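Residue numbers (UniProt numbering): 1 to 1098. One structure is given below, encoded as structure tokens.
What follows is the structure in structure tokens.
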């Protein structure tokens, strides 16, 4: 395909042009690897040769030399094709590949010569699959769309200046409570609208329908009949009048009566719930537009589900056709039976059509995602579908893999926010984009509920576990059953979430003692062997050798995996090791091997002591890593402490019970409908729930004894932790933060108690929050160093003591402008996302236009409005206002105020309502810029009778064309202190505030700070001498203080207030006689200071 000859060259760059671009290459032309990648065609339309060496090609105008040509001579009238594949190949004698890909939704492409002059560019244009954007005439002509591309050839086919726009639907996808008429329309002259109602692609040549054959009966046992071939069809329709959209749930089933495996067909006793699916496109002179797919639910009772819904539209023969369908046993099973007439192993999953795998058996599908509350459509995207799994392929309701690719859709990423948790330690904590995901709601290795419960319990603290969200699945408008959306832990997952380049990713899959390369290139498997052999062939008791091992194997990941497998007693022992082939950063792309878990279906086993098994040096090479590492004393201590840390948090009975109950409670309302659709074994049975709850109750004691036996440990000890003030800081013990954000730690975490192993060294760290300093440790350890390591010989009580910083301005309120703010909608209010106290703050917006907010039918729609805007900035970002998460532009948005800013006596105004009770010296700050809508920001406050800026320093500040921080200090404004009804107003001024010229002011990271008047260093120190006794107590408890006690609160371990008093004495006696036995949290308030203590009621 490429002919590279080096000649003498000229440097007339103006005769070189980007001539043709394809950003969604489905089948047009493959590269040397057989991949259908994006491509850019460069053409020399001049009369002399040009050396492209040093030329830059880019999709980023701020980085003109993102990819640089090698020395390469382009002869007159010659083409060169550059693959935009992200493979980054620059060998002149071989095909060229850039280090970037082009989004099919459109990105500008620029060609820059070696002197820095951009000589050619292509605008950002969204392209359909296998449509190119090219010049005609070549090199110099206008840009046209070509449905038949001509890579490495002249553009002689007929191009069009516009792509055909798909038809317009009168209604959007979603939930309706009554029948309605759906209209389809187009503004294109002489266009014909073709639609389907069966998931098939609209086609002009299928108006009479296409038949396919399928089977419902197979010879499961030797001698069974083969069953008849049955016939069904799919067809396209010409749109001529409105389509009636109604509830079809009472209609006869179509898909649900087709057999999906070789066993007896389950026919639903009652017709399954149904929706209406429609695909439509327009045709002009035989050429078609893109297809638009929609799903309509007409249910008079509203949404019967409270979990998300996934609707799939796919041509039916691709699933059920006897020869080509991948969701059925089909011809492959009958062929196996013919060849094995007496074989009784007909259960095997690899003898049916549904065993077909790989790209050749990936079929196009439309995926539409709906939210859990109102069944609003989140995304509709064309994608690829494959069957997923091993033995689970034989289940009647199969697990699926869904692939977002540019060849299917210009939106080549799934976008959803279904998951409840972010991924721990991910580079992109708030990522909601996915190249692939699973629909995996069942398994064949054991109870799927076991898998869900253990995965959910551990996922918040271990990023080697997939996230799981139950969903309802529809296929071609028929209820298909309960399923679950899951992460697929592969190259794309680690690229999008951890910054590991997909082509730099290696993954090795291990099942028991057997391992093999799962993702990567030839030779990658040897790097796993190198890591494994280094550990088993060297004495890990040698600290130097162990440290070398820790440079190639991430010990934290390895420990988390080992703890999970052992605690769950997971008999499958399937795991995957992954790494970046070449280190890219010091985080997860550092080149170290890490692990992830396959599943937990085979958990709760009592026939194998997995700790003993994995600690046995006599195991196979692939199974003896833990045993070898345990020879190192330091690693052994890490292992024991991490095990205790996890059991003290994730697997406390309270926390694990909560996870188990949620796992079943969110599924149970829908099981009756699911069982009507398909009879599934081991699918969220009540006995499985009880098994898990029993494990939650009994496993801790069993596991502790197994650990003590394995390591000859005599006993466990109790460690009690407390802090002098829960607002001042928290304690980290070993690997866990004793903080309410940690799974298994109560909302009111102190006093906290956990078990550890006697004589195993422990490390505690006093973490300080803004506005405080660490003072010292007290109790069974002492010292002023924030980090202390000690060896416990018995139970210990430890307290971290803090002092407040005088006149420190604490963050009172913060507005995190993220994707939770509705997009493309006029806002009336925005609530603060952080509050230091129980008070709430809000921004109320007043528009200059009367009648705001308007709907999209009004001429003033989205004028003079407050709206979300994707304009992130790190300026004025407070991490402590966002769970101590570092600034990440990926999660950030912003807000905009749109013209006109004034209309008569009305003006666009932001009114901030934020109580300042308990605070003084208040300061308001935010980041702001404008593209010309306003030049000044004006701030004043409500003084009780009118708006005023008296005593406010610099109430009017200039606005520039780039983000800058603006601060407004209310320290001299008396009414701003300790005011439960404090209000601030933000307005704008400029040269022409009544004009509407599509310009805006942008604001981000709004913060309010102030000095907390409830803190007093002297009172704080005095209160630390508080005495509480007897403790434990069976009845009364006495509290002695050096100062008057203003208030006493007692909470149970669940955070519920069970006692409240305002004694106004320094010595008091409380009765706990009516409280049940257990641990309680005592909070004592005195002279604007607070302290917490633990009380044990016997």
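Glycine is no exception: its CB is placed at the ideal position from the N, C-alpha and C atoms. Since we're looking at a predicted model, the values are computed, not measured.
When the options are compared against residue i, the one with the closest alpha-carbon
i            : options                 : result
residue 112  : 1026, 63, 368 and 154   : 63
residue 354  : 547, 751, 370 and 385   : 385
residue 1096 : 1029, 1061 and 1048     : 1029
residue 287  : 255, 164 and 349        : 164
residue 139  : 115, 42, 132 and 57     : 42
residue 885  : 965, 425, 723 and 130   : 425
residue 722  : 315, 1081 and 194       : 1081
residue 187  : 148, 283 and 357        : 283
residue 69   : 80, 81, 53 and 86       : 53
residue 691  : 602, 666, 619 and 724   : 602
residue 311  : 677, 1087 and 472       : 472
residue 24   : 407, 324 and 328        : 407
residue 738  : 750, 727 and 728        : 750
residue 347  : 703, 67 and 222         : 222
residue 1003 : 268, 949, 764 and 872   : 872
residue 613  : 570, 583 and 633        : 570
residue 968  : 990, 939, 962 and 989   : 939
residue 772  : 805, 213 and 332        : 805
residue 736  : 764, 1050 and 285       : 764
residue 412  : 358, 361 and 492        : 492
residue 989  : 907, 970, 1068 and 1048 : 907
residue 945  : 916, 981 and 930        : 981
residue 813  : 842, 996, 683 and 861   : 842
residue 246  : 998, 277 and 743        : 277
residue 399  : 649, 786, 357 and 587   : 357
residue 182  : 190, 191 and 167        : 167
Residues that DSSP places opposite residue i in a beta bridge
i           : result
residue 38  : 84
residue 238 : 194
residue 388 : 399
Cut-off 7 Å between Cβ atoms - residues of its own chain near residue i, not counting five sequence neighbours on either side
i           : result
residue 375 : 174, 175, 297, 303 and 309
residue 973 : 941, 951 and 952
residue 597 : 464, 465, 561, 564 and 575
residue 12  : Note on residue 12: pLDDT 49, under 50, position unreliable in the model; no value is reported.
residue 14  : 119
residue 342 : 222
residue 697 : 653
Own chain residues within Cβ distance below 6 Å of residue i, not counting five before or after
i           : result
residue 629 : 540 and 635
residue 2   : Residue confidence is low: residue 2 scores 33 on pLDDT, short of 50, so the model does not pin down where it sits. Its coordinate-derived value is still stated next. If we look at residue 2 and ignore the five residues flanking it on each side, its Cβ neighbours are 95.
residue 16  : 44 and 50
residue 122 : 18, 21 and 109
Contact set for residue i: own chain, Cβ-Cβ below 8 Å, skip 5 residues either direction
i           : result
residue 811 : 770, 834, 836, 878, 880, 881, 1007, 1008 and 1009
residue 8   : Below a pLDDT of 50, predicted positions are generally treated as unreliable, and residue 8, at 34, falls in that range; no measurement from the model is reported.
residue 662 : 456
residue 918 : 837, 978, 1012, 1013 and 1014
residue 421 : 459, 460 and 467
Distance CB(residue i)-CB(residue j) smaller than 8 Å
i            : j            : result
residue 719  : residue 753  : yes
residue 801  : residue 782  : no
residue 568  : residue 656  : no
residue 865  : residue 898  : yes
residue 1035 : residue 1071 : yes
residue 1005 : residue 926  : yes
residue 39   : residue 151  : yes
residue 451  : residue 599  : yes
residue 280  : residue 193  : yes
residue 320  : residue 226  : no
residue 637  : residue 731  : no
residue 593  : residue 573  : no
residue 335  : residue 260  : no
residue 404  : residue 436  : yes
Quick one: which unbroken beta strand (DSSP E) runs of 3-plus residues sit fully inside the region 788-820? Chain order, please. 796-804 and 809-815
For a minimum of 3 consecutive residues, which ranges assigned as the beta strand (DSSP E) are wholly contained in the region 844-922? 866-868, 895-898 and 909-913
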